[in-house]
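A.B. asks:
Residue numbers (this note's numbering): 483 to 559.
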């Protein structure tokens with residue numbers, strides 16, 4: 483498959499690629515350039531904000547001091 487770069491540096495991704503990556507208008511892509519010169523393209527899915535609400539709220543709050551003690555004790559407290 484081929485695509486042509488426009489004078490503005492844009493390309494049109496072939497329909498087969500868009501379908502394979504399940505791309506929709508407005509989706510963002512991440513380009514990874516490897517040392518051997520190959521380039522990987524990965525769709526960026528969601529943001530950190532999408533994770534909000536995935537875990538239940540803790541039953542009680544924990545102080546920084548208590549977290550530090552737990553770290554020092556290897557997670558035992």
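Just so it is clear, CB atoms sit at the ideal spot from N, CA and C, and this is done for glycine as well.
Here's a check: name, in chain order, each residue in its chain whose Cβ is nearer than 6 Å to the Cβ of residue 526, leaving out the five neighbours to either side.
C.D. replies: The answer, listed in chain order, is 510, 512.
A.B. asks: Mapping the DSSP letters down to three states, classify residue 521 as helix, strand or coil.
C.D. replies: Residue 521 falls in the strand class under three-state DSSP.
A.B. asks: How long is the line joining the alpha carbons of residue 505 and residue 492, rounded to whole angstroms?
C.D. replies: Going by the C-alpha atoms only, they are around 16 Å apart.
A.B. asks: Using the three-state DSSP reduction, which class does residue 498 fall into: helix, strand or coil?
C.D. replies: Looking at residue 498 - three-state DSSP - the assignment turns out to be helix.
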